[in-house]
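In terms of my numbering, the sequence shown is residues 1299 to 1757.
Below: the structure, in structure tokens.
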Amino acid sequence: MRHLHRGDAVSAPAAPASRLELLKITWALAWPAIISFSLESVAGLCDLLMVGHLGPSAVAAVGVGVQVLSAVDTTMFAFGTGALAVVARSIGASDRGAAEEALRQSILAAVAVAAIVILPVIAFPHALVGLFSVEPAVAEAAAGFLRIVMLAVPGTAVVFVIASSLRGAGDTRTPLLIGAVVSLLNVAVGYVLIFGRLGLPVLGVRGAAMATAAAFTVGACLGLFLLAQGHLVLTVRWRGFVFRRDIVRRVVLVGYPAALESLLIQVGFFVYIVFVAHFGTGPVAAYFIGARVLALSFLPGLGFATAAGALVGQNLGADRPADARESGWAAMRLAIGMMTVAGAAIFVAAGPIARLFVSDPAVASEAESFIRILAIAQPMMAVDFVMGGALRGAGDTRFPLATVLVAFYGCRLGLAWIVTHVLGLPLIWLWLCVLSDFFARAMLKSWRFRSGAWARVRV
């Protein structure tokens, strides 16, 4: 296993870079993040396919459990996003000690909060599952899944904070290594436990939960081990640890809007599905098919958002706001180019893609329309993701939160209500509400970045 040495990290240049050099630096930071996010998505898809062999009740149980797990995981965004911004600023200011202390404090704080958050879920899983009004058999399986999968949350917190901090310091390869181990373990252990291979009993849904918990626990241990070796751009050792409320408060103040933003988006997705359900079961199936395609299509945007956040934060730490600005625009140009090409391919292949997931002609047609809308949205999504990443890297996390309220809740959900309950328009108009959301987010975030106000945010 090759460890990433300090010299291997990709950081903002000490002097102003040419446009070509900046594009190369941005790409060097982005591609490992893109692969890392892709592996995570593929692992999730493999889990779904394996559970799918157990029947509809198992799929529904895991689906409900994952919804609750996703809501719990949003609390970790406060520490991951805050740590990235603080670490990037510290690295840019050549204060490696401050970056390492921010990482150390963030890890412990995130684990402590994770332990507190999971306790009520473990104690009262049936009450939470009851909110989804599922059948008794599904509810029982989902409650069992939740009790076990909650044990993954502390490990998830450690992995997320470590990955975010290393990316902020310019190291996107070590998070790729950790993510690859987690993803491979999740699929391999899941296969053994779900289907009872290697002489083990068939554990089904509980096996899927155990695999997730085991994979993230191992990933957390691996991350902590690599940090302790001293070969990475950041080193964390625990001798003489003293809790620093001031550092944790600094991280949380920067990061909590990102956690709230993620939670609001999760709630918004649920509300949008309610509007879709007004048109029937077929459109709901079409929506989830499109959502799965969307989850794969925006991976380049996530990668370039990571690069933009690291470079913007480091340049601000080095007191080079002009270079920070150019770093954000460089990442956006690359993301727009890649995602526009991907969008064109998705648009052309929308029909065959839809028919891969469903054989019903009516549902396939509705899914095809939704996939084409998502394909058209790709350039706007590129701007949204990268500008959001740049703003968060600068510590300007409150403005992206405001854009969710305006764009997602005002444009997407507001127009969806008008389409569904006021004008009674066909389904295609509900799909088009998604375009209004991404257009508004892209315009608002690019305006904010162009204004330069993010450069004056204190971290």
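Ideal Cβ positions, reconstructed from N, Cα and C, are used throughout, including at glycine.
Keep in mind the model is a prediction, meaning the values are calculated, not measured.
Give me the residue from the options with the minimum Cα distance to residue i.
i: W1329; options: A1620, S1744, T1604; result: T1604
i: L1406; options: R1535, F1747, G1722, P1354; result: R1535
i: A1356; options: G1505, A1647, S1316; result: G1505
i: A1648; options: A1673, M1636, A1633, R1690; result: A1673
i: R1471; options: V1456, C1519, L1482, L1524; result: L1524
i: Q1365; options: C1519, I1389, V1610, G1428; result: G1428
i: L1632; options: I1420, I1669, Q1676, A1662; result: Q1676
i: I1716; options: V1349, L1728, A1705; result: L1728
i: I1389; options: L1475, T1533, L1711; result: T1533
i: V1552; options: D1694, Y1489, P1434, A1486; result: D1694
i: V1569; options: A1557, Y1585, R1696, A1556; result: Y1585
Going by the CB atoms, is the gap between residue j and residue i shorter than 9 Å?
i: P1418; j: G1442; result: no
i: R1445; j: A1509; result: no
i: G1601; j: A1331; result: yes
i: L1347; j: A1450; result: no
i: G1380; j: R1548; result: yes
i: G1691; j: G1466; result: yes
i: V1503; j: V1360; result: yes
i: Q1612; j: R1402; result: no
i: A1391; j: A1616; result: yes
i: L1320; j: S1625; result: yes
i: S1339; j: L1594; result: yes
i: S1462; j: G1521; result: no
i: P1452; j: I1416; result: yes
i: A1396; j: V1411; result: no
i: D1345; j: N1484; result: yes
i: A1513; j: V1480; result: yes
i: A1478; j: L1327; result: no
i: I1587; j: V1646; result: no
i: L1558; j: L1699; result: yes
i: R1542; j: E1399; result: yes
Could you tell me how far apart the beta carbons of residue i and residue j are, in whole angstroms, since I believe they sit closer than 8 Å?
i: F1596; j: F1683; result: 6 Å
i: F1737; j: S1560; result: That belief does not hold up - the Cβ atoms of F1737 and S1560 are roughly 21 Å apart, past 8 Å.
i: V1362; j: A1440; result: 4 Å
i: V1591; j: I1644; result: 7 Å
i: Y1707; j: G1517; result: The Cβ separation is near 34 Å, so there is no contact.
i: M1678; j: A1740; result: 4 Å
Using the rule of at least 16 other Cβ atoms within 10 Å of the residue's Cβ for burial, across every protein chain shown, is residue i buried or exposed?
i: C1731; result: buried
i: D1289; result: In the structure as shown, the chain begins at 1299 and stops at 1757. Residue 1289 is therefore absent and cannot be evaluated.
i: R1618; result: buried
i: A1680; result: buried
i: P1354; result: exposed
i: A1620; result: exposed
i: S1431; result: exposed
i: G1305; result: Unreliable positioning characterises G1305 in this predicted model, as indicated by a pLDDT of 45, which lies under 50. The coordinate reading is nonetheless provided below. By the neighbour-count rule (16 or more Cβ atoms within 10 Å), G1305 is not buried but exposed.
i: L1703; result: exposed
i: D1658; result: exposed
i: W1752; result: buried
i: C1519; result: exposed
i: S1316; result: exposed
i: H1303; result: Below a pLDDT of 50, predicted positions are generally treated as unreliable, and H1303, at 48, falls in that range; the measurement from the model is reported next regardless. Exposed: under 16 other Cβ atoms inside 10 Å.
i: L1482; result: exposed
i: A1341; result: buried
i: W1745; result: exposed
i: T1515; result: buried
i: T1772; result: With the chain covering only 1299 through 1757, there is no way to say anything about residue 1772.
i: M1299; result: Here M1299 scores only 36 on pLDDT, less than 50, and its place in the model should not be relied on; the value that follows carries that caveat. Burial call: exposed.
i: Q1527; result: exposed
i: V1757; result: buried
Check whether chain B comes within 9 Å of residue i, counting only Cβ atoms and requiring the distance to be less than that.
i: D1371; result: Looking at the structure shown, chain B is missing, and only one protein chain is on hand.
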